[in-house]
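Asker:
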Amino acid sequence: MEFLSKFKLRWKLLALVLPLVIGPIFIVAGVIGSIANHQAYLGVTQTSKDDLQHITAFTIDLLNSHYQQFQVYKQDKIKNFNSELATLTNLSYNLVESEHKQYKQGRFDLTTAKREARDALKKVNVGETGYIYAMTSRGDLKVHIAREGENVYNEQDENGRYFIREMCETARRSKPGEVLFIIYPWRNAVLGDKYPRKKIVAYRYFREWDWIIATGGYLEETYDEAAFERKSFAELKEKIKAKKVGSTGYIFCMDSTGNFTIHPDSEGRNFLDARDSSGFPFIREMCGKKSGWIRYPWQNVSNSEPRMKIVRYEYFKPWDWIVAVGSYEDEFYHEANKIKDRILISMVLLSLLVGLFAVVLVFRASTIITSPITHMIDVIRRVKRGNLEEKMVVEGEDELAELAGVFNRMTDIIRRNKEMEASLAQHGKMASLGILSSGVAHEINNPLGVILGYAGYLEGKMAEDDPNYKYIHEIKRESKRCKKIVQDLLSYARTPRPSLEPVDLNDLLAQIADFAANHTDMRGVVIRTEFAPDLPKVHLDGDQMRQVAINLILNAGGAMPDGGTLTIRSEAVDPDHVRMVFSDSGCGIPAENLEKIFEPFYTTKERGTGLGLAITRQIIEQHHGEISIASDPDTGTTVTVTLPIERDEL
17 MEFLSKFKLR WKLLALVLPL VIGPIFIVAG VIGSIANHQA YLGVTQTSKD DLQHITAFTI
77 DLLNSHYQQF QVYKQDKIKN FNSELATLTN LSYNLVESEH KQYKQGRFDL TTAKREARDA
137 LKKVNVGETG YIYAMTSRGD LKVHIAREGE NVYNEQDENG RYFIREMCET ARRSKPGEVL
197 FIIYPWRNAV LGDKYPRKKI VAYRYFREWD WIIATGGYLE ETYDEAAFER KSFAELKEKI
257 KAKKVGSTGY IFCMDSTGNF TIHPDSEGRN FLDARDSSGF PFIREMCGKK SGWIRYPWQN
317 VSNSEPRMKI VRYEYFKPWD WIVAVGSYED EFYHEANKIK DRILISMVLL SLLVGLFAVV
377 LVFRASTIIT SPITHMIDVI RRVKRGNLEE KMVVEGEDEL AELAGVFNRM TDIIRRNKEM
437 EASLAQHGKM ASLGILSSGV AHEINNPLGV ILGYAGYLEG KMAEDDPNYK YIHEIKRESK
497 RCKKIVQDLL SYARTPRPSL EPVDLNDLLA QIADFAANHT DMRGVVIRTE FAPDLPKVHL
557 DGDQMRQVAI NLILNAGGAM PDGGTLTIRS EAVDPDHVRM VFSDSGCGIP AENLEKIFEP
617 FYTTKERGTG LGLAITRQII EQHHGEISIA SDPDTGTTVT VTLPIERDEL
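Residue numbers (the working numbering): 17 to 666.
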């Protein structure tokens with residue numbers, strides 16, 4: 017589309033956007049068709065859904081009727097069983113009481129009486145596995161068929177309930193002649209129980225011996241409840257299985273863990289992790305939601321491909337069951353599916369054509385319009401970061417091309433102006449320093465020399481305890497400081513060209529470290545050295561590099577007035593470069609000051625000149641090296657100096 021490059025931006029937008037306006041007309045037609053399909057589908061399928069809902073409700077009613085009927089029967093049986101247990105408990109109580117009376121009458125001693133009572137109670141059976149036992153109010157078993165002599169006070173049932181404690185406490189509070197009852201779930205591993213069974217215990221307290229006489233048995237062993245329940249439940253399952261849903265649909269039930277309790281061919285199996293033909297765990301979703309509708313593709317062995325199945329499921333809380341009624345959609349929704357298929361085919365074809373057309377146009381639009389703008393934004397960002405060499409690509413004759421040309425000319429002007437400003441500023445600074453240094457050095461050094469001479473003379477004539485001695489010492493110290501400031505000015509303005517020669521960097525740093533260790537500014541500072549072995553000799557000016565190292569070491573010492581650790585390290589960077597690293601544990605440098613520390617006359621010290629780091633960087637740059645500083649106010653400062661191993665004379 018090269019012809020568009022001669023048009024203005026507005027004409028490009030019209031040429032590209034106009035088809036996108038026409039395209040939605042076709043999409044609207046598809047939407048209308050979809051709505052029509054949806055309405056037709058709802059009309060045909062609503063009746064079928066109602067059928068599934070009614071069948072589900074019918075099944076829930078069957079289960080509830082069975083549940084209510086069995087509950088009434090069960091309550092009657094429990095009532096009768098309680099009466100039987102109470103009778104046995106009273107008989108056992110009377111037996112123990114009889115033995116106690118014989119003991120009181122002196123016929124035999126207490127031990128014999130208890131033994132006779134124990135032997136008699138053990139012979140009584142309650143159902144198939146029930147029995148009579150006796151224990152003290154502290155839980156000590158006095159009569160038991162298997163655990164006699166044990167303390168069971170802290171025994172728990174299958175739900176974690178301390179039922180023995182409860183029996184002991186209620187027995188002590190019971191009235192004379194009162195028979196108490198307790199029901200708890202219990203699984204007897206000795207009898208091979210796989211699941212807990214409901215156990216009922218009737219008990220009575222015989223205070224004279226501190227015996228709790230208990231009669232216990234499993235409910236299901238005392239009457240024909242299990243057989244009755246199995247028979248009733250089998251009839252219920254047959255009724256549910258006999259109910260047909262469509263041609264091949266059916267009713268099935270499962271518990272909340274996915275175990276099928278009623279199913280035509282998979283009863284008793286767990287299908288919690290079963291997945292449909294698309295890999296979705298539909299049974300897990302049904303168990304999680306417990307009530308609702310679900311659709312999923314399913315392929316039976318007799319089917320060549322998956323068929324969509326719809327299921328209505330409801331939760332039956334008394335048994336923790338999920339009742340589901342399902343059928344294949346193509347059986348219930350045959351006519352609806354035919355309408356849906358015709359409309360969907362038309363919609364898909366139309367959507368594909370319109371979508372393909374729109375994608376091509378949008379792609380072309382983004383390429384033609386946004387690509388130049390994106391390029392301009394990238395260039396502007398790089399220029400903003402200071403890279404004034406960047407240029408915008410000028411293509412065509414539209415407004416964007418004109419804007420790119422103007423921007424390029426603007427950046428050229430800005431770049432030239434900045435170069436001139438930087439050059440003029442540097443020349444002016446150096447000229448000013450040169451004039452200042454040459455004029456001031458002579459005028460100041462001479463009187464300073466006189467002041468220092470007389471101060472030294474007076475200092476030698478006075479005793480240290482003389483009141484005026486400290487003033488003479490202060491005059492001498494401040495005069496030396498003035499002289500150093502003048503020397504720093506001269507060094508910065510007229511830094512000599514380095515005289516390069518091969519130098520062993522490790523020896524140089526070791527000498528400087530020894531010197532610095534005895535300096536007054538390094539009091540309390542521990543200097544550690546970590547020099548790389550076999551470091552090649554470096555071509556540099558030893559005196560200037562000594563000045564650099566001393567400046568950095570003394571700066572580190574100033575950052576640790578209360579003492580600390582300074583680590584001086586040398587290492588090879590690559591075959592052509594070496595590195596000096598100075599790391600201190602001092603107070604660190606705030607982030608806002610890091611960019612200013614190399615500027616001349618910038619200092620945070622009370623007596624500093626602000627020229628030390630400026631001279632240091634100037635020396636490093638004359639050696640074609642680099643210096644960088646990383647600092648954290650919490651951990652200290654690290655200065656890294658990278659130098660070339662070999663280079664020509666400047």
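Just so it is clear, CB atoms sit at the ideal spot from N, CA and C, and this is done for glycine as well. Since this is a predicted model, take the numbers as computed values, not measurements.
(1) I'd like the ranges of any beta strand (DSSP E) spanning at least 3 consecutive residues and lying wholly in the region 531-605.
(2) What residues in its chain sit with their C-beta under 6 Å from that of Gly540, if we drop five residues either side in the sequence?
(3) Quick check on Asp226: does DSSP put it in helix, strand or coil?
(4) For Tyr312, is the classification buried or exposed, using 16 other Cβ atoms within 10 angstroms of its Cβ as the cut-off for buried?
(5) Quick one: is Pro388 buried, meaning 16 or more other Cβ sit within 10 Å of its Cβ, or exposed?
(6) Provide the residue span of the beta strand (DSSP E) that contains Lys138, from first to last.
(7) Could you tell me the alpha carbon to alpha carbon distance between Ser108 and Glu194, rounded to whole angstroms?
(8) Arg328 by DSSP, collapsed to three states: which one?
(9) What are the boundary residues of the beta strand (DSSP E) that includes Leu659?
(10) Where Thr545 and Ala526 are concerned, what is the direct C-alpha to C-alpha distance, given to the nearest angstrom?
(11) Within 10 angstroms of the Cβ of Pro514, are there 16 or more other Cβ atoms? Answer buried if so, exposed if not.
(12) Decide if the region 218-235 is in contact with the region 108-118; the criterion is three or more beta carbon pairs, one per stretch, under 8 Å apart.
(13) By DSSP, does Pro322 sit in helix, in strand, or in coil?
(14) Give me the residue from Ser318, Asp77 and Ala565 with the minimum Cα distance to Arg633.
(15) Return the CA-CA distance between Ile467 and Leu474, expressed in angstroms with no decimal places.
(16) Would you identify the three-state DSSP class for Ser108, choosing helix, strand or coil?
(17) Can you name the residues that DSSP bridges to Ile267?
(18) May I have the straight-line CA-CA distance separating Tyr239 from Glu144, to the nearest angstrom?
(19) According to the Cβ coordinates, are Lys138 and Ile161 closer than 8 Å?
(20) Whole angstroms is fine: what's the gap from Asp550's alpha carbon to Glu587's?
(21) Note the first and the last residue of the continuous alpha helix (DSSP H) segment covering Arg300.
(22) Whole angstroms are fine: how far does the CA of Glu480 sit from the CA of Ser495?
(23) Could you spell out where the beta strand (DSSP E) holding Glu517 opens and where it closes?
(24) Specify, as a first and last residue, the run of the alpha helix (DSSP H) that Ile631 falls within.
(25) At the level of alpha carbons, what is the spacing between Ile71 and Gly232?
(26) If you measure between the beta carbons of Met426 and Met408, is that distance less than 8 Å?
(27) Need the endpoints of the beta strand (DSSP E) that Met183 sits in, please.
(28) Please go through the same chain and pick out, in chain order, the residues whose beta-carbon is closer than 6 Å to the beta-carbon of Ser644, but skip the five residues on each side of it.
(29) For Ile528, tell me which candidate among Gly558, Pro192, Glu517 and Pro518 has the shortest Cα-Cα distance.
(30) What separation, rounded to the nearest whole angstrom, lies between the Cα atoms of Thr264 and Lys306?
(31) CB-CB under 6 Å to Leu582, same chain, minus the five flanking residues each way: which ones, in chain order?
(32) Measuring only the C-alpha atoms, how far is Phe268 from Trp309?
(33) How big is the Cα-Cα spacing for Ala102 and Tyr219?
(34) Rounded to whole angstroms, what's the CA-CA distance from Ile198 to Trp335? Just pull it up for me.
(35) Per DSSP, what kind of secondary structure is Tyr239 in: helix, strand or coil?
Answerer: Taking the definition as stated:
(1) 541-547, 554-556, 580-590 and 593-600
(2) Gly579
(3) coil
(4) buried
(5) buried
(6) From DSSP, Lys138 is part of no beta strand (DSSP E) but of the alpha helix (DSSP H) over Leu126 to Lys138.
(7) 14 Å
(8) strand
(9) Gly652 to Pro660
(10) 8 Å
(11) buried
(12) yes
(13) coil
(14) Ala565
(15) 11 Å
(16) helix
(17) Val341
(18) In this predicted model, Tyr239 has a pLDDT of only 49, less than 50, meaning its place in the structure is not dependable; the value taken from the coordinates is given anyway. The alpha-carbon atoms of Tyr239 and Glu144 are separated by roughly 11 Å.
(19) yes
(20) 10 Å
(21) Phe298 to Lys305
(22) 19 Å
(23) Glu517 to Val519
(24) Gly628 to Gln638
(25) 44 Å
(26) no
(27) Here Met183 belongs to no beta strand (DSSP E); instead the alpha helix (DSSP H) covers Phe179 to Arg189.
(28) Thr656
(29) Gly558
(30) 24 Å
(31) Val541, Ile543, Ala572 and Asp600
(32) 14 Å
(33) 8 Å
(34) 23 Å
(35) Its pLDDT being 49, under 50, Tyr239 is placed unreliably by the model, and nothing is read from it.
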